[in-house]
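Colleague: Numbering (UniProt numbering), first residue to last: 1 to 636.
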Amino acid sequence: MGKIRLTTAQALIKFLNQQYIHVDGQEFPFVEGVIAVFGHGNVLGMGQALEQDPGHLKVIQGKNEQGMALAAMAYGKQMLRRKIYAVTTSVGPGSANLVTAAATALANNIPMLLIPGDTFATRQPDPVLQQFEQEYSAAVTTNDALKPVSRYWDRVTRPEQLMSSLIRAFEVMTDPGKAGPATICISQDVEGEAFDYDEKFFEKRVHYLDRKAPVDRELKGAAELIKASKKPLILVGGGARYSGARDILMKISEKHNIPLVETQAGKSTVEFTFKNNLGGMGITGTLAANKAARQADLIIGIGTRYTDFATSSKTAFDFDNAKFLNINVSRLQAYKLDAFQVVADARTTLEQLAPLLDGYESEFGPMIEELKTEWLVERDRLSKITFSRENFIPEVKNHFSQEVLNEYADTLKTEFVQTTALITINDIVNPDSIVISSAGSLPGDLQRVWNPTVPETYHLEYGYSCMGYEVSGALGIKLAAPNQEVYSLVGDGSFLMMHSELVTAIQYNQKINVLLFDNSGWGCINNLQMDHGSGSYHCEFRTHDNKVLNIDYAKVAEGYGAKVYRANTVDELKAALEDAKKQEVSTLIEMKVLPKTMTDGYDSWWNVGVAEVSNKESIQQAYESRKQKLETAKQY
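1) Tell me the DSSP bridge mates of E590?
2) In the DSSP output, what is I300 paired with across the bridge?
3) What is the rounded straight-line gap between the Cα of R82 and the Cα of T543?
4) Verify whether the separation of the beta carbon atoms of T424 and K563 is less than 8 Å.
5) Please report how far the alpha carbon of N568 lies from the alpha carbon of K592, in whole angstroms.
6) Under the three-state reduction of DSSP, which class applies to C466: helix, strand or coil?
7) Would you check if the region 195–209 and the region 129–136 touch, i.e. whether three or more CB-CB distances between them fall below 8 Å?
8) Taking 8 Å as the cut-off, decide whether the C-beta atoms of D198 and K3 are in contact.
9) Q188 lies in the alpha helix (DSSP H); which residues open and close that run?
10) If you follow the alpha helix (DSSP H) that R379 is in, where does it begin and where does it stop?
11) If we require 3 or more residues per run, which beta strand (DSSP E) segments fall completely within the region 207–258?
12) To the nearest angstrom, report how far apart I13 and E191 are at their CA atoms.
13) Taking P595 as the reference, give the member of E415, V514 and T122 with the closest Cα.
14) In angstroms, rounded to a whole number, what distance separates the CA positions of Y553 and T632?
15) Rounded to whole angstroms, how far is the Cβ of N277 from the Cβ of L298, which I believe are closer than 8 Å?
16) Which residue comes first and which comes last in the beta strand (DSSP E) that contains F170?
17) Secondary structure at N277, three-state DSSP: helix, strand or coil?
18) Just verifying my parser: in three-state terms, what is the DSSP assignment at R294?
19) Can you name the residues that DSSP bridges to K3?
20) Residues bridged to E205 by DSSP?
21) What number of angstroms, rounded off, separates the C-alpha of R294 from the C-alpha of R151?
22) Determine, using beta carbons only, whether T8 and L162 come nearer to each other than 8 Å.
23) CB-CB under 6 Å to A145, same chain, minus the five flanking residues each way: which ones, in chain order?
24) Compare the C-alpha of residue 659 against each of G33, T307 and K275 and name the closest.
25) Suppose contacts are defined by Cβ-Cβ distances below 8 Å. Is V64 in contact with M530 by that definition?
26) State the start and end residues of the unbroken alpha helix (DSSP H) segment that holds F309.
27) Measure the beta-carbon distance from Y469 to S520 and round it to whole angstroms, keeping in mind my assumption that it falls under 8 Å.
28) So F28 is in the beta strand (DSSP E); what residue range does that whole segment cover?
29) Report the option in H459, T142 and A213 whose CA atom is closest to the CA atom of E485.
30) By Cβ distance, which residues of its chain are closer than 6 Å to G45, with the 5 residues on each side in sequence left out?
31) Taking 8 Å as the threshold (C-beta atoms), are G523 and S441 in contact?
32) What's the call for V377, buried or exposed, on a 16-neighbour Cβ count within 10 Å?
33) Assign K58 to one of three DSSP states: helix, strand, or coil.
34) Cβ atoms of Y487 and residue 654: under 8 Å apart, would you say?
35) Please name the residue or residues paired with Y85 in a DSSP beta bridge.
36) Between the region 304–321 and the region 231–243, do at least 3 Cβ pairs fall closer than 8 Å?
So, in structure tokens, the structure goes:
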């Protein structure tokens, strides 16, 4: 067997170039490239290896380790987990910045390869720059913080360890049932150390994403449950999207008159224009979806984790009478809510299940169409809300006084309502445009009122609701879909958390469009505290003398080199969107919107902790209300 002498870092890059994935008869490279911030601990190892010979790998210079890792995650998510970007960082703060992004990828089951530098394997120069010391162990470094947020984690302290570590990492990343971030920490001295590697290690490796088929018992049990039900409901999760189950979902839904509802990750698996698609489910769901869920006697969960938002904290369904059927490649997820489990690929299962359902039709009858029509009327109302200085907008309810709302209108110089702005955007952008968001009130608004007409054009990270994902993720999506417009919908709070990769997008001519909703505060969390009896406390952005903060975000983006617009009316927004389509550079449209003008819950409830002891009657009432609601919630 031949040998090839390489440094550990050079061997890593050579190996990455030879990893292929095979899905449904198609074969292509699994690793598209590397996003890097070079620093102490990786510049002389990984940096040297990439400079010498990157192979087919594209190398992108990130601006913040968290931001670039979030971009890599968004790329993997948009590519349906079939391609990745690797991420390399320095030791210490550089690797610590990966923790949030790794947790986000883990919560969303998205493969991502993280390669942070580490301290010296020899420990001779210890403590080196950016190394902390613990009395209980000299082996602990910053990278240990990545253990709980990685699906696979390893530390390479000898060059030959790289081989088994990489093979294990790729096994995890290419397994649909346990996909998530793989972290391989490489000691900085080891990155540059040479070893005589077997040439065979660098031969082309193909990782097969074979579709796991259901066994006979699973198929028969699933068919019996569906045929015995009167009003089954299909809950479409992210697993259905990654499986490519759109066509068979529509076929089964239409043939048997079964409504579809969606999680955030599952939305746009089937376009909203499909007649049986009732939209988002749960706390951020539509009234149509939530009404259908309450009547369902069988919930068919396809590729869903059943998060509290999707289940309205386990109050969305009639648990006394409803049964659950879960189809999921993850055994862990399939077991949830005491369901009948089908541990298999979503598309394959539905295709094999379809002929077993011949002759069956649900009892929903014309109700699906009626529920959808009712919701569209409400959506139309949300698109036309206007501000009044004398009378409350209905959405404001018991939150702000009219005086405070008027103060915002005066300071921000706007009367723009968030839902009106959002639906206007939905109407104007090209149908194949991809919209991305993650945190604040926008995910709720989007799941309710954003109506995708083209599949796979809705990209929400709501498994972790990571503030700062919106702009970083837009770059990742653009890398995955270079021929489609990408719109990052972000609140001012999230924009302040992180927007560094807007610079990267401009630098590499990857056009993204940032739609910034500025209500001068963390409006979603402000709603949460005020909805549960508290006052407005440290969630509004106010100056030291209690005046509403008014920041010119457009000027910030203009300084980076983006084409910017300011749009505080429907006409201004329409004009800005149309002109932005013509631009080749990244754009930012700043919209000053009034607080408390987002959508509210529709027949849903969120279980959050409320103070059991308080001197405020409103908080006492909120606590009693929570107690009563918990009596109806499923406890496991």
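Beta carbons are placed, not taken as given, at the ideal position from N, Cα and C, and that holds for glycine.
Modeller: On the basis of the coordinates in this document:
1) Numbered from 1 along the sequence shown, position 590 holds the residue referred to as residue 590. E590 pairs with L516 and R566.
2) Position 300 of the sequence shown, counting from 1, holds the residue named residue 300. In DSSP, I300 forms a bridge with I234 and L325.
3) Counted from its first residue, the sequence shown places residue 82 at position 82. Counted from its first residue, the sequence shown places residue 543 at position 543. Rounded to whole angstroms, the gap between the alpha carbons of R82 and T543 is 47 Å.
4) Sequence index remark: in the sequence shown, residue 424 carries index 424 (1-based). Sequence index remark: in the sequence shown, residue 563 carries index 563 (1-based). Not a contact, by the Cβ cut-off of 8 Å.
5) On the sequence shown, residue 568 is found 568 positions in, with the first residue counted as 1. On the sequence shown, residue 592 is found 592 positions in, with the first residue counted as 1. Near 6 Å, if we compare the C-alpha coordinates of K592 and N568.
6) Within the sequence shown, the letter at position 466 stands for residue 466. Note: C466 maps to coil in three-state DSSP.
7) The region 195–209 and the region 129–136 do not touch, with fewer than three beta-carbon pairs separated by less than 8 Å.
8) For the purposes of this step, residue 198 is taken as the residue at position 198 of the sequence shown. For the purposes of this step, residue 3 is taken as the residue at position 3 of the sequence shown. The answer is yes: Cβ separation under 8 Å.
9) Sequence index remark: in the sequence shown, residue 188 carries index 188 (1-based). Residues Q188 to G192.
10) Mapped onto the sequence shown, residue 379 falls at position 379. Under the DSSP assignment, R379 falls in the alpha helix (DSSP H) whose first and last residues are M367 to L382.
11) With a minimum length of 3 residues, the unbroken runs of beta strand (DSSP E) contained wholly in the region 207–258 fall at 232–236.
12) Numbered from 1 along the sequence shown, position 13 holds the residue referred to as residue 13. Numbered from 1 along the sequence shown, position 191 holds the residue referred to as residue 191. Straight-line Cα distance between these residues: approximately 11 Å.
13) Taking the sequence shown and counting its residues from 1, the one referred to as residue 595 is at position 595. For P595, the closest alpha carbon among the candidates E415, V514 and T122 is that of E415.
14) Counted from its first residue, the sequence shown places residue 553 at position 553. Counted from its first residue, the sequence shown places residue 632 at position 632. Per the coordinates, the alpha-carbon of Y553 lies some 45 Å from the alpha-carbon of T632.
15) Here residue 277 refers to the residue found at position 277 of the sequence shown. Here residue 298 refers to the residue found at position 298 of the sequence shown. Not really, about 18 Å apart at Cβ, beyond 8 Å.
16) On the sequence shown, position 170 is the one that residue 170 refers to. For F170, there is no enclosing beta strand (DSSP E); the enclosing alpha helix (DSSP H) has its first and last residue at Q161 to M173.
17) To locate residue 277, count along the sequence shown from 1; it is residue 277. Per DSSP, reduced to three states, the secondary structure at N277 is strand.
18) As a working mapping, residue 294 is identified with position 294 in the sequence shown. Helix, per DSSP.
19) Numbered from its first residue, the sequence shown carries residue 3 at position 3. DSSP lists D198 as partners of K3.
20) Translated into positions along the sequence shown, residue 205 becomes position 205. At residue 205 the sequence reads Arg, which differs from the Glu that was named. DSSP lists Q19 as partners of R205.
21) Reading the sequence shown from its first residue, position 294 is the one you call residue 294. Reading the sequence shown from its first residue, position 151 is the one you call residue 151. Approximately 36 Å, taken between the alpha carbons.
22) To locate residue 8, count along the sequence shown from 1; it is residue 8. To locate residue 162, count along the sequence shown from 1; it is residue 162. Yes, Cβ-Cβ distance for T8 and L162 is below 8 Å.
23) Locating residue 145 in the sequence shown gives position 145, counting from the first residue. Leaving aside the five residues that flank A145 on each side, the residues in its chain whose CB is nearer than 6 Å to its CB run, in chain order, V99.
24) Nothing can be reported for residue 659, as the shown portion of the chain is limited to 1 through 636.
25) The residue labelled residue 64 in the question sits at position 64 within the sequence shown. The residue labelled residue 530 in the question sits at position 530 within the sequence shown. Note on identity: in this sequence residue 64 is Asn, with Val being the wrong assignment. Not in contact: N64 and M530 (Cβ atoms no closer than 8 Å).
26) Numbered from 1 along the sequence shown, position 309 holds the residue referred to as residue 309. In the DSSP assignment, F309 falls within the alpha helix (DSSP H) that extends over D308 to T311.
27) The residue given as residue 469 occupies position 469 in the sequence shown. The residue given as residue 520 occupies position 520 in the sequence shown. Wrong, their Cβ atoms sit about 21 Å apart, outside the cutoff.
28) Translated into the one-based positions of the sequence shown, residue 28 becomes position 28. From DSSP, the beta strand (DSSP E) with F28 extends over Q26 to P29.
29) For this step, residue 485 is matched to residue 485 along the sequence shown. If we check each option's Cα against that of E485, H459 comes out closest.
30) Locating residue 45 in the sequence shown gives position 45, counting from the first residue. Excluding positions up to five away in sequence, the list reads A9, E191 and G192.
31) Your numbering for residue 441 matches position 441 in the sequence shown. Your numbering for residue 523 matches position 523 in the sequence shown. Yes, they are a contact pair.
32) The residue labelled residue 377 in the question sits at position 377 within the sequence shown. Exposed, since its Cβ has fewer than 16 Cβ neighbours within 10 Å.
33) Numbered from 1 along the sequence shown, position 58 holds the residue referred to as residue 58. Note: K58 maps to strand in three-state DSSP.
34) As displayed, the chain neither begins before 1 nor continues past 636, which places residue 654 out of reach and without an answer.
35) The sequence position of residue 85 within the sequence shown is 85, counting from 1. Bridge partners of Y85: G33.
36) Short answer: they touch.
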